[in-house]
Amino acid sequence: MGRTGFTAGEVVRQAILIALGLLALFPLYFTTVNSFKDRVQYAENLLNVPTRLHPENYALAWAQVQGPLVNSVVVTVTSVLATLILASLSAYAFALMDFPGRHLLFALTFALLLVPDFLTLIPLYVQIRNLTLPSNYLAIILPTVAVGQPFAILVLRAAFEAIPRDMLEAARLDGAGHLQLLRRIVLPISLPVLISVAIIRLVPVWNEYLLPSLVLDEAHRTLPVALVNFQGGGAATAVTPNYGALMASYVLAAVPLLVLFAFLMRYYIQGVTSGGVKG
Amino acid sequence: MTALPGFRSGSAASRSVLTRLRRNWPAYLFLLPTLLLVGYFAYYPAYIAVTRAFTDWDGLNTPNFTGLDNFRRAVTDPVMGEATKNMGIWVVLGTLLALVMPLIVAELVFHLRGRRRQYAYRTLFVIPIVIPSLVLLLVWGDFYRSDGLLNQLLGAVGLGGLRHEWLGDPHTALYALIFLGFPYIDAFNFLLLYAGLQAIPEDVFDAAKIDGATGLRRVLRVDLPLLRPQLGLIAMLAIIGNVQYYISPLVLTSGGPGYATTVPALLMFQTARRDGDFGYAMAIAFLLMLLVVVLTLLSRLISRGNR
């Protein structure tokens, strides 16, 4: 290409894009500036950058949010790692092994994409309540791992199938077993794909609200559940909450994803645009 | 060729099933954790949901078979009727929002000059993904309050007469929830359309240029037809997603005022959680699932017919 001129059309296009991009980021700006205001400043003006900052809002928010933040990190990291490990094993079997029932079992895993969440939510809630792990991280980790399997297996299977056979044959002749092949060759080669899958799965698990709100007790509560509780029943209530602290808690909730995407943004973009997701 | 049991190779097909079963035990071992998990946390609850729809289950005691009673109730329930109407509006408007803005942005970014410039703007529209979806929801809940941003802005530009309790008025509550999240540029949909544009061969654009199709005419004549697979996928996902969606009415309005923002999925949730009527809730879920399946099959048929 190489044409990088500034024609009138190009300027207009970029202006529109910058405006839209800023609007899309506006909630981030709004929460950040207002997280530093006290009640009076908040009531006066919602848009300006405060001249006197109130960082104590963050201390207040942190006290409310630190437990749930840790819970969310524990749940999300464990869930995504377990999703990858189990899906790698399954994808290896589906991609590189030949066994009776291969197609049937693959269809069975894949058909899971057609089971809607709202159908299983209430039975899951009853089921988990009757297990011995109702107020435990596992109550949310195990179901989210199950939900993540079809997508992860689908993408990883395609990646594993693309690995040159010569390489695997050579390792086999050296006496490597399936687990060694998976660990020494298949997984290292597929690292970019693994990261893509991880980050694409991570976003919905981090944002998950319904099931955690049903099955987790206060000590294991995740961030989305805590934010709704902190808000105090939504916008319809009459009580005016401490908006500064509220906004500070929203900012804190966005920080982990912000840090993560600062490093791994391109894997997310590659993952979505590479075609693995198109199904 | 047989250095390792269970490895996929050409001669495998000639062996008997029993030998293959025995030789390939590692494969089943690899699949076991996934199958157990999926069976217990996905297929079993789905089975419970479907079978309990025909009972008077309360979530605790043994359910009694009541035949089609729950379904009869769902079909005649006026609340369910209103919820279905709300869902219809939501699906139509929600699908339009999911298509239009990401398409406009994908077109604008794709036709920028220079790879690096495109890359920079593409990144800009993916960054908002760092905002947790619930934070976006709650912030917009604040925008809609009587002392919120929306009313302040209206007052500032001299449209104070339009000030509103957006979520409290039955006439605006549903639309306020649907139109939450301006400018509606979903990162996933945007990337899908952008990748679709990139996949169009350069000669197609060159040919269009020679034929005099530029600007909006090229978008309509060339880009849109070639983007049909991506647009179809986004539409299907948006329709199915919006049929199931109920988090914002649950968190912001509890389905109110009255039943103005109640949708069937929310009704399902509240019937189970608030009223303890799990059997009826599962009947509603069952009907919704049928709708999702029918819509999925329909979209498959349509996309196949187009090919």
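Line order of the protein sequences matches chains A and B. Just so we're aligned: 200 in the numbering used here is position 200 of the first sequence, and the numbers increase by one with no gaps anywhere. Just so we're aligned: 1067 in the numbering used here is position 67 of the second sequence, and the numbers increase by one with no gaps anywhere. Even glycine gets a Cβ: it sits at the ideal position worked out from N, Cα and C.
Margin query: Measuring alpha carbon to alpha carbon, tell me which residue in Gly1276/B, Ala1195/B, Tyr1246/B is nearest Thr1262/B.
Written below: Tyr1246/B
Note to self: With a threshold of 8 Å between beta carbons, is Ala1027/B in contact with chain A?
What the structure shows: yes
Next item on the list: Confirm, please, whether the CB-CB distance from Phe1205/B to Pro1102/B is below 8 Å.
Entry: no
Notebook entry, point to check: Does the Cβ-Cβ distance between Ala139/A and Val193/A come in under 8 Å?
Noted result: no
Item checked: Nearest-angstrom Cα separation, counted from Trp62/A out to Ala245/A -> 9 Å
Check: Looking at the unbroken alpha helix (DSSP H) that takes in Asn1322/B, where does it start and where does it end?
Finding: In this structure chain B extends from 1001 to 1307, so residue 1322/B is not present and cannot be described.
Checklist line | Endpoints, alpha helix (DSSP H) assigned at Ala1376/B | finding: Look at the range of chain B in this structure, 1001 to 1307, and you will see that residue 1376/B is not part of it.
Next item on the list: Could you tell me whether the Cβ of Pro55/A comes closer than 8 Å to any Cβ of chain B?
Entry: no
Margin query: Let me see if you follow: with CB-CB separation under 8 Å, is Arg1022/B close to chain A or not?
Written below: no
Next item on the list: Determine the chain A residues that contact Leu1290/B at a beta-carbon separation under 8 Å, and present them in chain order.
Entry: Simply none; closest approach about 10 Å.
Next item on the list: Verify whether the separation of the beta carbon atoms of Pro1264/B and Thr1076/B is less than 8 Å.
Entry: no
Next item on the list: Measure the beta-carbon distance from Gly271/A to Ser196/A and round it to whole angstroms, keeping in mind my assumption that it falls under 8 Å.
Entry: 3 Å
Checklist line | Any C-beta of chain B under 8 Å from that of Glu10/A | finding: yes
Next item on the list: Within its chain, find whatever has a CB closer than 7 Å to the CB of Gly1258/B; leave out the 5 residues flanking it on each side and keep chain order.
Entry: Pro1170
Next item on the list: Return the residue from the list Ala1187/B, Leu1180/B, Arg1221/B, Phe1041/B that minimises the CA-CA distance to Val961/B.
Entry: Nothing can be reported for residue 961/B: it is not among the residues displayed for chain B, which extend from 1001 to 1307.
Notebook entry, point to check: Do you know offhand how far Leu1134/B's Cα is from Asn207/A's?
Noted result: 7 Å
Next item on the list: Report the rounded CA-to-CA distance for Thr32/A versus Leu1138/B, giving the unit in angstroms.
Entry: 14 Å
Check: Using 8 Å as the Cβ pair cut-off and three pairs as the minimum, do the region 1216-1232 of chain B and the region 1115-1132 of chain B touch?
Finding: no
Check: On the premise that Val186/A lies in contact with Tyr209/A, defined as a C-beta separation below 8 Å, what is that separation, rounded to the nearest angstrom?
Finding: Incorrect: roughly 35 Å between the Cβ atoms, too far for contact.
Checklist line | Cβ-based burial, Phe6/A [other Cβ within 10 Å; buried from 16] | finding: exposed
Notebook entry, point to check: Mind checking Trp1090/B: buried by the 16 CB within 10 Å criterion, or exposed?
Noted result: buried
Check: Taking the C-alpha atoms as reference points, what is the distance between Leu1266/B and Leu142/A?
Finding: 24 Å
Check: If you draw a straight line from the C-alpha of Ala248/A to the C-alpha of Asn57/A, how long is it?
Finding: 6 Å
Notebook entry, point to check: Would you report the Cα separation of Ile1178/B and Gly148/A, rounded to the nearest angstrom?
Noted result: 27 Å
Next item on the list: Taking only the alpha-carbon atoms, compute the straight-line gap between Thr78/A and Thr144/A and give it to the nearest angstrom.
Entry: 10 Å
Notebook entry, point to check: To the nearest whole angstrom, what separates the beta carbons of Leu84/A and Ala198/A, a pair I think is in contact under 8 Å?
Noted result: 6 Å
Notebook entry, point to check: Any Cβ of chain B within less than 8 Å of the Cβ of Ala146/A?
Noted result: yes
Notebook entry, point to check: For Gln127/A, which residues in chain B fall below 9 Å Cβ to Cβ?
Noted result: Tyr1040, Phe1041, Tyr1044, Pro1045, Ile1048
Check: Does any heavy atom of the ligand GDP sit closer than 7 Å to the C-beta of Leu1096/B?
Finding: The ligand GDP is absent from the structure shown, which contains no ligand whatsoever.
Checklist line | Cβ-based burial, Asp1277/B [other Cβ within 10 Å; buried from 16] | finding: buried
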